[in-house]
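A.B. asks:
Protein chains: 2
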Amino acid sequence: MDKPYAIGVDMGGTNTVIGLVDRRGDILIRSSISTVDYNTGESYVEALGNAINDLITQNNFTGDVIGIGMGVPNGNMNDGTVEKAANIPWAKTVVVPLAAMISEKTGLPCKLTNDANAAALGEMAYGAAKGLKDFIVITLGTGLGSGIVAGGQLIVGHDGFAGELGHIRPVRYNGRLCGCGRTGCLETYASATGVARTAREFLEIYPERETVLRDITTRPITSKDVFEAAKAEDKMAIEIFEFTGRILGEALADFITFSSPKAIILFGGLAHAGNFLLEPLKKTMAKNILSIYEGKTEIIVSQLNDAEAAILGASALAWEQ
Amino acid sequence: MDKPYAIGVDMGGTNTVIGLVDRRGDILIRSSISTVDYNTGESYVEALGNAINDLITQNNFTGDVIGIGMGVPNGNMNDGTVEKAANIPWAKTVVVPLAAMISEKTGLPCKLTNDANAAALGEMAYGAAKGLKDFIVITLGTGLGSGIVAGGQLIVGHDGFAGELGHIRPVRYNGRLCGCGRTGCLETYASATGVARTAREFLEIYPERETVLRDITTRPITSKDVFEAAKAEDKMAIEIFEFTGRILGEALADFITFSSPKAIILFGGLAHAGNFLLEPLKKTMAKNILSIYEGKTEIIVSQLNDAEAAILGASALAWEQ
Numbered sequence: 014m015d016k017p018y019a020i021g022v023d024m025g026g027t028n029t030v031i032g033l034v035d036r037r038g039d040i041l042i043r044s045s046i047s048t049v050d051y052n053t054g055e056s057y058v059e060a061l062g063n064a065i066n067d068l069i070t071q072n073n074f075t076g077d078v079i080g081i082g083m084g085v086p087n088g089n090m091n092d093g094t095v096e097k098a099a100n101i102p103w104a105k106t107v108v109v110p111l112a113a114m115i116s117e118k119t120g121l122p123c124k125l126t127n128d129a130n131a132a133a134l135g136e137m138a139y140g141a142a143k144g145l146k147d148f149i150v151i152t153l154g155t156g157l158g159s160g161i162v163a164g165g166q167l168i169v170g171h172d173g174f175a176g177e178l179g180h181i182r183p184v185r186y187n188g189r190l191c192g193c194g195r196t197g198c199l200e201t202y203a204s205a206t207g208v209a210r211t212a213r214e215f216l217e218i219y220p221e222r223e224t225v226l227r228d229i230t231t232r233p234i235t236s237k238d239v240f241e242a243a244k245a246e247d248k249m250a251i252e253i254f255e256f257t258g259r260i261l262g263e264a265l266a267d268f269i270t271f272s273s274p275k276a277i278i279l280f281g282g283l284a285h286a287g288n289f290l291l292e293p294l295k296k297t298m299a300k301n302i303l304s305i306y307e308g309k310t311e312i313i314v315s316q317l318n319d320a321e322a323a324i325l326g327a328s329a330l331a332w333e334q
Numbered sequence: 014m015d016k017p018y019a020i021g022v023d024m025g026g027t028n029t030v031i032g033l034v035d036r037r038g039d040i041l042i043r044s045s046i047s048t049v050d051y052n053t054g055e056s057y058v059e060a061l062g063n064a065i066n067d068l069i070t071q072n073n074f075t076g077d078v079i080g081i082g083m084g085v086p087n088g089n090m091n092d093g094t095v096e097k098a099a100n101i102p103w104a105k106t107v108v109v110p111l112a113a114m115i116s117e118k119t120g121l122p123c124k125l126t127n128d129a130n131a132a133a134l135g136e137m138a139y140g141a142a143k144g145l146k147d148f149i150v151i152t153l154g155t156g157l158g159s160g161i162v163a164g165g166q167l168i169v170g171h172d173g174f175a176g177e178l179g180h181i182r183p184v185r186y187n188g189r190l191c192g193c194g195r196t197g198c199l200e201t202y203a204s205a206t207g208v209a210r211t212a213r214e215f216l217e218i219y220p221e222r223e224t225v226l227r228d229i230t231t232r233p234i235t236s237k238d239v240f241e242a243a244k245a246e247d248k249m250a251i252e253i254f255e256f257t258g259r260i261l262g263e264a265l266a267d268f269i270t271f272s273s274p275k276a277i278i279l280f281g282g283l284a285h286a287g288n289f290l291l292e293p294l295k296k297t298m299a300k301n302i303l304s305i306y307e308g309k310t311e312i313i314v315s316q317l318n319d320a321e322a323a324i325l326g327a328s329a330l331a332w333e334q
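Taken in sequence, the protein lines are chains D and C.
Quick note: to get my numbering, add 13 to the position in the first sequence (first position is 1).
Quick note: to get my numbering, add 13 to the position in the second sequence (first position is 1).
1. Taking only the alpha-carbon atoms, compute the straight-line gap between GLY207 (chain D) and THR201 (chain D) and give it to the nearest angstrom.
2. Quickly, what does DSSP pair VAL30 (chain C) with across the bridge? List them, please.
3. With a threshold of 8 Å between beta-carbons, can PRO293 (chain C) be considered close to chain D, or not?
4. Quick one: is ALA104 (chain C) near chain D, going by C-beta distance under 8 Å?
5. Report yes or no: is there a C-beta of chain C within less than 8 Å of the C-beta of MET14 (chain D)?
6. Can you name, in chain order, every residue of its own chain whose Cβ lies under 7 Å from the Cβ of THR257 (chain D), other than the five neighbours on each side?
7. If I follow the unbroken alpha helix (DSSP H) through LYS248 (chain D), where does it start and stop?
8. With a threshold of 16 other CB atoms inside 10 Å of the CB of VAL169 (chain D), please say whether the residue is buried or exposed.
9. Would VAL58 (chain D) be called buried (16 or more neighbouring beta carbons within 10 Å of its own) or exposed?
10. Here's the rule: buried if 16 or more other CB atoms are within 10 angstroms of the residue's CB, otherwise exposed. What is SER272 (chain D)?
11. Hey, would you say VAL49 (chain C) sits closer than 8 Å to PRO102 (chain C), going by beta carbons?
12. So what's LEU211 (chain D) in DSSP terms, helix, strand or just coil?
13. Just to make sure I have the definition right: I need the residues of chain D whose C-beta is within less than 9 Å of the C-beta of TYR306 (chain C). Which are they?
14. State yes or no: is the beta carbon of PHE280 (chain D) nearer than 8 Å to at least one beta carbon in chain E?
15. Just to confirm, is the Cβ distance from ILE278 (chain D) to ILE313 (chain D) under 8 Å?
16. Could you check what DSSP says for TYR219 (chain C) in three-state terms: helix, strand or coil?
17. Tell me, please, which residues DSSP counts as bridged to ILE278 (chain D).
18. According to DSSP, is ASP238 (chain D) part of a helix, a strand, or is it coil?
19. Quick check on the DSSP output: what are the complete alpha helix (DSSP H) runs of length 4 or more inside the stretch 69 to 142 of chain D, in order along the chain?
20. Which one or two residues does DSSP pair with VAL162 (chain C) in a beta bridge?
21. Per DSSP, which residues does LEU61 (chain D) bridge with? Please list them.
22. Quick one: give me the first and last residue of the alpha helix (DSSP H) that SER328 (chain C) is part of.
23. Between which two residues does the alpha helix (DSSP H) harbouring ALA203 (chain C) extend?
24. Give every residue of the same chain whose Cβ lies closer than 6 Å to the Cβ of MET14 (chain C), excluding the five residues on either side of it in the sequence, and list them in chain order.
25. Quick check: is the beta carbon of ALA320 (chain D) nearer than 8 Å to any beta carbon in chain C?
26. At a Cβ threshold of 8 Å, is HIS285 (chain C) touching chain D?
27. Between the alpha carbons of GLY21 (chain D) and GLY38 (chain D), how many angstroms are there, rounded?
28. Using a Cβ-Cβ cut-off of less than 8 Å, give me the residues of the stretch 183 to 213 of chain D that come near chain C, in sequence order.
29. Out of D:MET114, D:GLU55, D:GLY54, D:GLY26, state which residue places its alpha-carbon closest to the alpha-carbon of SER45 (chain D).
30. Any beta carbon from chain D within less than 8 Å of PRO296 (chain C)'s own beta carbon?
31. What does LYS275 (chain D) touch in chain C if you count any residue whose Cβ is under 7 Å from its own?
32. Can you tell me whether GLY194 (chain D) is buried or exposed? The criterion is at least 16 other CB atoms within 10 Å of its CB, across all chains shown.
33. Measuring straight from C-alpha to C-alpha, what distance separates GLY165 (chain C) and LEU145 (chain C)?
34. Using a C-beta to C-beta distance shorter than 7 Å, which residues of chain D count as neighbours of ASP147 (chain C)?
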């Protein structure tokens, strides 16, 4: 095969984006379908399979595509299934063997994994983790996701669900209530939602303190508001990132104790808060780390374009087959 | 080669035990030397190499031995070195390339890893983890060690030092001071030393409570004392194990979130405390676990003979080469 290509599918909570990717990580063509406008896995697969087939045949790539990789919420790499995906109507209560169904529909091999694992594969194939065998990708979005690579291999666990580091609990007492039903989970602090929550808490705890965040009254405060305020040197906003960075830094020190990664790559919106987050994070991590790991693990902000990384990561899975 | 054998070397803090092991995990012959009666790595290697060579030649196994595996405190599998081993005079302050030196002396390939990783390989080759690709071994001795296997592969990290789970910190506030200089580390609670420490604390906190442990006045209380008292239905002793099991169970719930193992195998003296430890451990683990992992991970007490397991684990490393 002269020019092999892979299909990367990023199944988001609203839309599913499909990209045709070459070995260098360039996305040549894209298309998309809705994720949620289907009542059954069958009808979703019918639509996605058609979209993939169209993308290949209309662009004369037939025969050049080696396979399909998908990043899927709650995707299970071992089984190729999606299960208990709360936000996806056709996969909310059932286990859908998505990879096998797509493979049958398109005639191409198909593998899937969850979004954060796909991000880790993307970093390894095209990003900051090129050449690394031991690293962790932390995705800081609405929640906190993670993809752990050790010895060059994605850690998926016996059931395909390893690496839910957003649900490690750094705050053991009076921790925040998490969507998982427990308290103190990392993602209730270190995520876009967590930062907004911290802002609301700070405003309430310190009613006397001045901050531009107090002027936002007609809509809920977002992490972006906090970032903008921090850039404008708002003291409370800066402290909100310090608080977030400290909790994340403490947790990362524990993660290093587990798999001793060469790098931890931060990915997603919140990672762009830059030194507002990174400085307290690195400082707390250094203070909390076991001495044998001191100064060995680099904290890197992903350089992959957010819009492209999910497709690239998914496509990386296709190259693996 | 008709009958391949491996040499397993368990380098303890006092003695180094050498065993010749067959594929089934039977230790055919043993010998031992002191670990600490040497001032330099060279003199230790000279003695150990001679002991290995003697064991092989005197028993006519020349040509049948495929290699040497060693379990070594602070052993680095990536580099084959032992470094900063606090209790070993000739490796306290220097990095000793032990595997290469032994290999040169004996003419046999030699690999080494730390004690807990060796235990994990031993469980995989001969014990409860036979056939498992994802499991964690927790060694409960003076401290708490761990060997993590994921996807059939020992997690060693970029620097060879992954898996120091004794230094994960489940107790964030007012945690006990650990030998590592930090506070709240798991091994200050969940280890033989930790149990003795809990006993001392309980006696002090509850001066009015009756317990046979209060009668031990001429020497320090040990975890064995607490176990004996628990068997005799001493209420405080039982509560000491409950306290220990709760902290360990909480920590294990977090470990599962990381690598989603099929089993966690408890090894070493404290593991024999049986249900005094296991019941509160399992109960707390179940209460703290993220729902997707619920009921999936088995807690197993190692069935390997403590005296043999270290040699078997080390020998398992030799089969791997």
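Each residue gets a CB set at the ideal place from its N, CA and C atoms; glycine is no exception.
No experiment lies behind these values; they were computed from the predicted model shown.
C.D. replies: Checking against the coordinates, here is how it stands:
1. 5 Å
2. C:ASP23, C:SER45
3. no
4. no
5. With a pLDDT of 45 at MET14 (chain D), under the threshold of 50, the modelled position of that residue is not reliable, and no figure is offered here.
6. Once the five neighbours on either side are set aside, the close Cβ partners of THR257 (chain D) are TYR202, ALA203, GLY207, VAL208, THR211, LEU290.
7. 248 to 272
8. buried
9. buried
10. buried
11. yes
12. Note that residue 211 (chain D) is Thr in the sequence shown, not Leu. Helix.
13. GLY170, ASP172, PHE174, GLU177
14. Given the protein chain composition of this structure (D and C), no chain E is represented.
15. yes
16. coil
17. Looking at the DSSP output, ILE278 (chain D) shares a beta bridge with D:VAL150, D:ILE313.
18. Note: ASP238 (chain D) maps to helix in three-state DSSP.
19. 111 to 119, 128 to 139
20. C:PHE148, C:LEU167
21. None; LEU61 (chain D) has no bridge partner.
22. 319 to 333
23. Following the DSSP letters along the chain, one finds ALA203 (chain C) in no alpha helix (DSSP H), marked with neither H nor E.
24. The pLDDT assigned to MET14 (chain C) is 46, lower than 50, so where the model puts this residue is not dependable; a value taken from the coordinates is nonetheless given after this. Cβ neighbours of MET14 (chain C) beyond the five flanking positions: none.
25. no
26. no
27. Approximately 10 Å, taken between the alpha carbons.
28. PRO183, VAL184, ARG185, TYR186, CYS193, GLY194, ARG195
29. The shortest CA-to-CA distance from SER45 (chain D) to any of D:MET114, D:GLU55, D:GLY54, D:GLY26 is the one to D:GLY26.
30. Pro is not the amino acid found at residue 296 (chain C); the sequence shown has Lys there. Chain D has no Cβ within less than 8 Å of the Cβ of LYS296 (chain C).
31. HIS171
32. exposed
33. 7 Å
34. GLY170, HIS171
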